[in-house]
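Notes follow once the structure below has been shown.
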Amino acid sequence: LGALGWQVSTRPRRELFTDYGRVFPDDEMSPLRNIIAVTASR
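The opening residue of the sequence shown carries number 1 in the UniProt record's numbering; numbering runs sequentially from there.
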């Protein structure tokens, strides 16, 4: 997408939880702990 003129950014899920005032589940068994949010805008 970047090559097509889009502005692309990524953020770890932990940061998103913090932005919304939520507690990040830091359990090793948490299946979603390694998700990266990708945002693209034009």
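Glycine included, every Cβ here is placed at the ideal spot set by N, Cα and C.
As the structure is a computational prediction, the values presented were derived from the model and not from experiment.
Quiz item: Can you round the beta-carbon distance between leucine 16 and alanine 37 to whole angstroms, since I take them to be within the 8 Å contact cut?
Solution: 6 Å
Self-check item: Delimiting residues of the beta strand (DSSP E) encompassing arginine 13
Solution: It is not in any beta strand (DSSP E) - arginine 13 instead sits in the alpha helix (DSSP H) that spans 13 to 19.
Exercise. Report the rounded CA-to-CA distance for valine 8 versus arginine 42, giving the unit in angstroms.
Key: 9 Å
Exercise. Taking only heavy atoms of the ligand GDP into account, decide whether any of them is closer than 7 Å to the Cβ of serine 9.
Key: Of ligands this structure carries none, so the ligand GDP is not represented either.
Quiz prompt | Span of the beta strand (DSSP E) around isoleucine 36 | solution = 36 to 41
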